[in-house]
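Working notes for the structure below.
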Amino acid sequence: MDIKEKISIEEYSGKLYKMRVFEPNDNNEAVLTHFIKNHLNGDAKFFKEDAIKATKKILEYKYPDKKITLQVAEQALQYGLFDKMEKVPFPSPDKPKFKFIDLFAGIGGFRIAMQNLGGQCIYTSEWDLEAQKTYKANYGEIPFGDITKEETKKYIPDNFDILCAGFPCQAFSIAGKRKGFEENRGVLFFDVAEIIRRKQPKAFFLENVKGLLNHDKGRTIEVILDVLRNDLGYFVPEPQIMNAKDFGVPQNRERIYIVGFHKDTKILDFEYPKPTSKKVQFFNVKEENVVPTKYYLSTQYVKTLIAHKERHASKGNGFGYEIIKDSEVANAIVVGGMGRERNLVIDNRITDFTPTTHIKGEVNRDGWRRMTPREWARLQGFPDNFIIPVSDASAYKQFGNSVAVPAIQETAKVIINKLKIK
Ligand SMILES: C[S@@+](CC[C@H](N)C(=O)[O-])C[C@H]1O[C@@H](n2cnc3c(N)ncnc32)[C@H](O)[C@@H]1O
7 MDIKEKISIE EYSGKLYKMR VFEPNDNNEA VLTHFIKNHL NGDAKFFKED
57 AIKATKKILE YKYPDKKITL QVAEQALQYG LFDKMEKVPF PSPDKPKFKF
107 IDLFAGIGGF RIAMQNLGGQ CIYTSEWDLE AQKTYKANYG EIPFGDITKE
157 ETKKYIPDNF DILCAGFPCQ AFSIAGKRKG FEENRGVLFF DVAEIIRRKQ
207 PKAFFLENVK GLLNHDKGRT IEVILDVLRN DLGYFVPEPQ IMNAKDFGVP
257 QNRERIYIVG FHKDTKILDF EYPKPTSKKV QFFNVKEENV VPTKYYLSTQ
307 YVKTLIAHKE RHASKGNGFG YEIIKDSEVA NAIVVGGMGR ERNLVIDNRI
357 TDFTPTTHIK GEVNRDGWRR MTPREWARLQ GFPDNFIIPV SDASAYKQFG
407 NSVAVPAIQE TAKVIINKLK IK
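For the sequence shown, the numbering used here begins at 7 and goes up steadily by one.
If you want it as structure tokens, here you go:
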């Protein structure tokens, strides 16, 4: 039987097949998109067998009366393959200089930085469905899901140069570490460590909140370094706190970076990049023509914010909001709660607008507004062609969770130079 039918990626991810053909937690979309994106390099082999099986399941569903062999499925997969190479804003470089994997990928802040330096991403994992949507729209792949699961880890290809991960910060004790990897299920750092142990990349680049340094009275970072240096044998220089505002974006965001080199690289020194001289202000990322009904605050809400802040200020703790002037840098963008209100902007052009009924009450006349998702993207150094396909609420969460691309890129540049990748 010859199947001259192109199966679109949408079909693999469509509700119909999700419900009728695949198991709820199947990695089919991830397998298929990774297979397609890697078809020109040797890494497609890691995904091929399962991509064929997924295609077979779809064909069996579509043609219940026909006998679908693996061969037929492979034929159909190949036939549709090149049609599925969708255009995305951030494709892999044509002639990659090195390979990396993107763990806890979020919306791919690491990925943009590494691709800019000539890297090809051959595997990615991120379990949040909304973040997966943004990831696919911009890079083409659907990330694999829960990295703690063996069925996710098993797809990680063998031969990559750099492992990137901005893993969430969690508590764990030295006692826990001593029990070994098996006993530490649920502590995400140990999943990262386990992947490093199995795959032995030339280098890794980890990112975390600054608080990791003092977390559990400094014990957490101590264990992390002990595992990386002594158990895994990597050269790991002292972790460094880097600030996004030192690398060309107007955001005061301090994060801890941890890099490491495999002993075979013989690299035994490393210097984090110095701040670039380029200084930027909020004005440089400010969006023009912001939709007033969406981002401007109502008069009543502004009153509430002011009252709240005054009440709390008398108790000595500032609370609620902060106005960022054009000439300033923004606070670190963070997820949830009042995070957005730490980054209000005054945009006086609002006086030209007539309040509409979309916003409860009257739009404030002082021009107080929230920053837009695009402004948050720019504060993290994401280029303007980065697609934001999700709701504002998800977008704020995703950019707030992400990394400052320029600071990551400058650091990665040093890693790549050290590895003599040209
Ligand atoms: C701090 S964010 C990293 C963001 C990323 N560096 C970026 O540039 O957007 C951590 C991410 O890890 C994801 N995550 C947490 N636990 C996970 C798990 N077990 N498997 C896969 N992803 C996970 C979260 O959904 C979150 O997006």
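C-beta: ideal position from N, C-alpha, C; glycine also.
Excluding the 5 residues flanking it on each side, ASN349 has same chain C-beta neighbours closer than 6 Å at ILE330, ALA336, ASN337 and MET377, in chain order.
Taking the Cα positions, VAL94 is about 7 Å away from ALA143. The beta strand (DSSP E) runs of length 3 or more contained entirely in the region 256-322 are, from start to end of the chain, 260-267. VAL341 is positioned such that its CB atom lies no closer than 8 Å to that of ASN423. For the options VAL369, ARG380, ASP372 and ALA209, the alpha carbon positioned closest to that of ALA418 is the one of ALA209.
Non-local C-beta neighbours of PRO281 in its own chain, meaning closer than 8 Å and more than five positions away in sequence, comprise ASN249, ASP252 and PHE253, ordered along the chain. At a Cβ-Cβ threshold of 8 Å, ILE352 and THR140 do not count as neighbours. Considering only LYS101, ASP372, ALA60 and PHE41, the residue with the shortest C-alpha distance to PRO149 is PHE41. Per DSSP, the continuous alpha helix (DSSP H) segment holding ILE201 begins and ends at 194-205.
In this structure, PHE241 is the residue among LYS205, ILE230 and PHE241 with its C-alpha nearest to the C-alpha of PHE267.
In this structure, GLU156 keeps its C-beta atom at 8 Å or more from the C-beta atom of THR130. Here DSSP, grouped into helix, strand and coil, assigns LYS51 to helix. Shown here, MET248 sits in a strand according to DSSP, grouped into three states. In the displayed model, ALA399 falls within a helix according to three-state DSSP.
Boundaries of the alpha helix (DSSP H) harbouring ILE422: 411-424, taken from the DSSP string. With contacts defined by Cβ atoms closer than 8 Å, VAL37 and ALA50 do not form a contacting pair. In the assembly as shown, VAL229 is a buried residue. Its beta-carbon has 16 or more other beta-carbons within 10 Å.
If you check the C-beta of ASN423 against ligand 1, you find no heavy atom less than 7 Å away. Under the three-state reduction of DSSP output, LEU238 falls in the coil class, being neither helix nor strand. Across the structure, LYS62 and PRO70 are spaced so that their CA atoms are roughly 11 Å apart.
The residue from ASP152, ALA137, TYR145 and ASP197 with its alpha-carbon nearest to that of LEU169 is ASP197. Distance between ALA60 and GLN84, taken at the CA atoms: about 13 Å.
GLN415 sits buried, since 16 or more C-beta atoms from the chains shown fall within 10 Å of its C-beta.
Shown here for GLN246: same chain residues with a beta carbon closer than 6 Å to its own, the five before and five after excluded, namely TYR263 and TYR278 in chain order.
In this chain, the alpha helix (DSSP H) harbouring VAL37 covers 34-43. Residue environment analysis places SER333 among the exposed positions, since fewer than 16 neighbouring C-beta atoms fall within 10 angstroms of its C-beta. Excluding five sequence positions before and after PRO379, the CB atoms of its chain that fall closer than 8 Å to its own CB belong to ILE394, ASP398, ALA401, TYR402 and PHE405, given in chain order. Where GLU136 is concerned, the enclosing alpha helix (DSSP H) starts and stops at 135-145. Take SER98, set aside five residues on each side of it, and the residues of its chain with a beta-carbon closer than 6 Å to its own are GLN126, in chain order. By the C-beta density criterion, VAL411 is buried, having at least 16 other C-beta atoms within 10 angstroms. Looking at the DSSP output, ILE168 shares a beta bridge with PHE106 and ALA209. CA-CA distance, LYS285 to GLY217, rounds to 26 Å. At least one heavy atom of ligand 1 is found less than 7 Å from the C-beta of ASN407. A direct Cα-to-Cα measurement between ASN44 and LYS223 gives close to 44 Å. Look at GLY151: its beta carbon is less than 7 Å from one of the heavy atoms in ligand 1. The Cβ-Cβ distance between PHE104 and ILE128 does not fall below 8 Å.
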